[in-house]
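J.: In the numbering used here, the protein residues as written are 3 to 176. Just so you know, even glycine gets a beta-carbon here, dropped at the ideal spot from N, CA and C.
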Amino acid sequence: MALITRLSRWFRADLNAVLDRLEEPDLVLREAIREMEEALSNQQQAHQALLAEIEQLSERSRKLCLSADAISEQLDLCFLSENEALAKQLLRRRLEQQRLADTCEQRAADTTRQAEVLNKEIQRMQEQLQDQRSKAEAFGVQAQNGDAGCDQQRVTDADVELAFLAERRARSAS
Numbered sequence: 003m004a005l006i007t008r009l010s011r012w013f014r015a016d017l018n019a020v021l022d023r024l025e026e027p028d029l030v031l032r033e034a035i036r037e038m039e040e041a042l043s044n045q046q047q048a049h050q051a052l053l054a055e056i057e058q059l060s061e062r063s064r065k066l067c068l069s070a071d072a073i074s075e076q077l078d079l080c081f082l083s084e085n086e087a088l089a090k091q092l093l094r095r096r097l098e099q100q101r102l103a104d105t106c107e108q109r110a111a112d113t114t115r116q117a118e119v120l121n122k123e124i125q126r127m128q129e130q131l132q133d134q135r136s137k138a139e140a141f142g143v144q145a146q147n148g149d150a151g152c153d154q155q156r157v158t159d160a161d162v163e164l165a166f167l168a169e170r171r172a173r174s175a176s
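Printed below as a string of structure tokens:
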């Protein structure tokens, strides 16, 4: 049973290799380039989304800090008027806002690190895509040169007609 399984896997692998060779390499290369461009585009969109998230988190943190500063001014009034109950409520709000601001700053820092990693990945993908494009360009030039060589070897109708006339004259003269 194991032998049959191995043989069937080997046969399928061999068949897939034959099919891969039958496919036109320029089509496979162009498809690979399209897939790489699509993946690169998706990564760039994800990077833009991360940058937008960083901006939002930074803005929210800034607003929370401004709000905490405003509460500090209100606290001054509470302490001047000796209203401890209101001062405690304001302190609670200020502490909550400061913690939220710290959380936003931490998330922004984490997201910045993610964006940096993603940016490096995008650069790597761009280099790979450029390499593939160079290969495709070289392959295209080779294919064109190969076709040009075939054009020079091609026998045209005029060549056949000239050869026919020359052969007829040679046979009629003998």
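Measuring only the C-alpha atoms, how far is E75 from A117?
T.: Going by the C-alpha atoms only, they are around 37 Å apart.
J.: Please name the residue in Q128, Q130, L97 whose C-alpha comes closest to that of L77.
T.: If we check each option's Cα against that of L77, L97 comes out closest.
J.: Taking the continuous alpha helix (DSSP H) assigned at E39, which residues delimit it?
T.: Residues 27 to 82.
J.: I need the straight-line Cα distance from V162 to I35, nearest angstrom please.
T.: Their Cα atoms are separated by approximately 43 Å.
J.: Go through its chain and collect everything with a Cβ distance to Q65's Cβ below 6 Å, but skip five positions before and after it.
T.: Looking at the sequence itself, residue 65 is Lys, so the reference to Gln does not match. Within the same chain, K65 has no close Cβ partners at all.
J.: Check T114 in the structure and name its three-state DSSP category.
T.: Helix at T114.
J.: May I ask you to report which of helix, strand or coil DSSP gives R156?
T.: R156: coil per DSSP, three-state reduction.
J.: Given a cut-off of 9 Å on the beta-carbon distance, is the pair C80 and A89 in contact?
T.: Closer than 9 Å, so yes.
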